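Chains as they are written, first to last, in this note's numbering: chain A, 7 to 117; chain B, 1126 to 1238. To start, the structure under review is shown below, and the notes come after it.
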Amino acid sequence: SQQGEEDPQALSIQEGENATMNCSYKTSINNLQWYRQNSGRGLVHLILIRSNEREKHSGRLRVTLDTSKKSSSLLITASRAADTASYFCATDAKGAQKLVFGQGTRLTINP
Amino acid sequence: NAGVMQNPRHLVRRRGQEARLRCSPMKGHSHVYWYRQLPEEGLKFMVYLQKENIIDESGMPKERFSAEFPKEGPSILRIQQVVRGDSAAYFCASSPSPNTEAFFGQGTRLTVV
């Protein structure tokens, strides 16, 4: 079964609004990473948050991690049309050395 | 520093042929991961390799699929006797060590006709 599960599966908002995507996982992790994938393209690494970190920022991105709830959120502020993409979380379970991906959230930013 | 390079970008094979997908990791990265992605789905882990060693192949089908990462040269994912169900995008990622950022290539889109 998938380690990471994103919620919602699809999200459509107006340009300028904030977008929040959530990720839940099942086992203890070393770290959690968020990626973006534009249609038909490769994955772009956005941010890595370690299990001992609670929040991390990068530009318009804000990631939180709650290990007690086994969940993470990705917030994109002041969204732009170019943010339209699929967003995936990937977890790196303790004792394993591979990233396990969720099914992703398909984000559409309407101009 | 070039990113992860995969080739070919697109590959068309007839049923029964062999497909060879190549991945050159980023400079300084000795850990390589292969993933498969079907349309509208997430990435499914296939195999994790370090130089000359397969560390975790728990996601690899037992038959027809193999992977290697030789001391010199790119990592190769080989699919023998391809079937229509093998049609997918295959992505390679590399990292300098386990439990760190993994960077992905642009993928190889395999179409079996």
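Positions of the beta carbon are idealized from the N, C-alpha and C atoms, including for glycine. All of these numbers come straight from a predicted model, not from anything done at the bench.
Any chain A beta carbon closer than 8 Å to residue i
i         : result
B:Pro1221 : no
B:Asp1181 : yes
B:Gly1230 : yes
B:Ala1227 : yes
B:Phe1170 : yes
B:Glu1166 : yes
Close beta carbons around residue i, own chain, < 7 Å, minus the five adjacent residues each side
i         : result
A:Ser7    : At A:Ser7 the pLDDT is 41, less than 50, meaning the model places this residue with poor confidence; the figure from the coordinates comes in the next sentence. Result list for A:Ser7: empty, nothing under 7 Å.
B:Lys1176 : Ser1155, Phe1194 and Lys1196
A:Asn87   : Note that residue 87 of chain A is Ala in the sequence shown here, rather than Asn. Answer for A:Ala87: Glu21, Ile115 and Pro117, listed in chain order.
B:Ile1180 : Tyr1173 and Leu1174
B:Pro1199 : Arg1147, Cys1148 and Ser1149
Beta-carbon contacts of residue i that lie in its chain and below 6 Å, excluding the five residues immediately before and after
i         : result
B:Leu1146 : Leu1202, Tyr1215 and Thr1233
A:Asn116  : Gln20
B:Ala1227 : Ala1218 and Ser1220
Burial state of residue i, where buried means 16 or more other Cβ atoms lie within 10 Å
i         : result
B:Leu1163 : exposed
B:Ser1245 : Only positions 1126 to 1238 of chain B appear in the structure, and residue 1245 of chain B is not among them; the question remains open.
B:Val1172 : buried
A:Glu12   : buried
A:Ser74   : exposed
A:Gln39   : buried
B:Pro1150 : buried
A:Thr111  : buried
B:Asp1211 : buried
Min CB distance residue i to chain B below 8 Å
i        : result
A:Val106 : yes
A:Ser7   : Its pLDDT being 41, under 50, A:Ser7 is placed unreliably by the model, and the measurement read from it follows with that caveat. Output row for A:Ser7: interface = no.
A:Gly65  : no
A:Gln20  : no
A:Gly101 : no
Amino acids of chain A, ordered along the chain, whose beta-carbon sits closer than 7 Å to that of residue i
i         : result
B:Asn1240 : Since the first residue shown for chain B is 1126 and the last is 1238, residue 1240 of chain B is missing from the structure and cannot be characterised.
Beta-ladder partner(s) of residue i, from DSSP
i         : result
B:Phe1190 : B:Ile1204
A:Thr83   : Per DSSP, none; premise fails for A:Thr83.
B:Glu1165 : B:Glu1165 is not bridged to any residue.
Listed by chain order, chain B residues near residue i by CB distance under 7 Å
i       : result
A:Arg47 : Gln1231
A:Asp98 : Asn1224
A:Asn37 : Asn1224
Contact set between residue i and chain A, taken where Cβ atoms lie within less than 9 Å
i         : result
B:Phe1216 : Gly48 and Leu49
Minimum Cβ-Cβ distance from residue i to chain E less than 8 Å
i       : result
A:Leu54 : The structure shown contains no chain E; the protein chains it does contain are A and B.
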